[in-house]
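Numbering (the numbering used here), first residue to last: 863 to 1004.
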């Protein structure tokens, strides 16, 4: 057995960074550019660690297109983990979209581990926190 830690196939999904959200959340998480930079840096960190990372950010104004993309992606590929970003979970106005996304993942995710970050830049921590479950999922996928 290799001493190298296993790499995981992860889908990062969430709300587009420039979506209209309450000022409270902007104060907490930053401007659209700051959020985009945090998310990009986090994805890069995962990639540099050897993980296979795909990203998709939903546009609440094009919800049907986004859900279709997610459904198609999950039917075509298997992921060890699927991240659902905090913008969908923590913003009350996005609750209905969050429910739709989680239901697509539950239906089409083929046993993928659901991952939840604590905000922009929290994807790395979520993967680390769920490492054991991701390792088990990867074994089943391989």
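Here a beta-carbon is modelled for each residue, glycine too, at the ideal position from N, C-alpha and C.
Option in 930, 946, 881 and 1004 with minimal Cα separation from residue 955 = Out of 930, 946, 881 and 1004, 881 has the C-alpha closest to the C-alpha of residue 955.
Determine the extent of the alpha helix (DSSP H) in which residue 944 is found, giving its start and end residues.
-> From DSSP, residue 944 is part of no alpha helix (DSSP H) but of the beta strand (DSSP E) over 943–946.
Can you grab the Cα-Cα spacing for the pair residue 978 / residue 921, in whole Å?
-> Looking at the two C-alpha atoms, the distance is approximately 19 Å.
Between residue 947 and residue 893, is the Cβ-Cβ spacing less than 8 Å?
-> At a Cβ-Cβ threshold of 8 Å, residue 947 and residue 893 do not count as neighbours.
Simplified DSSP assignment, three categories, for residue 914 = DSSP places residue 914 in strand when its eight states are reduced to three.
Go through its chain and collect everything with a Cβ distance to residue 987's Cβ below 6 Å, but skip five positions before and after it.
-> None.
Through-space distance from residue 974 to residue 916, alpha-carbon basis | One C-alpha to the other measures close to 14 Å.
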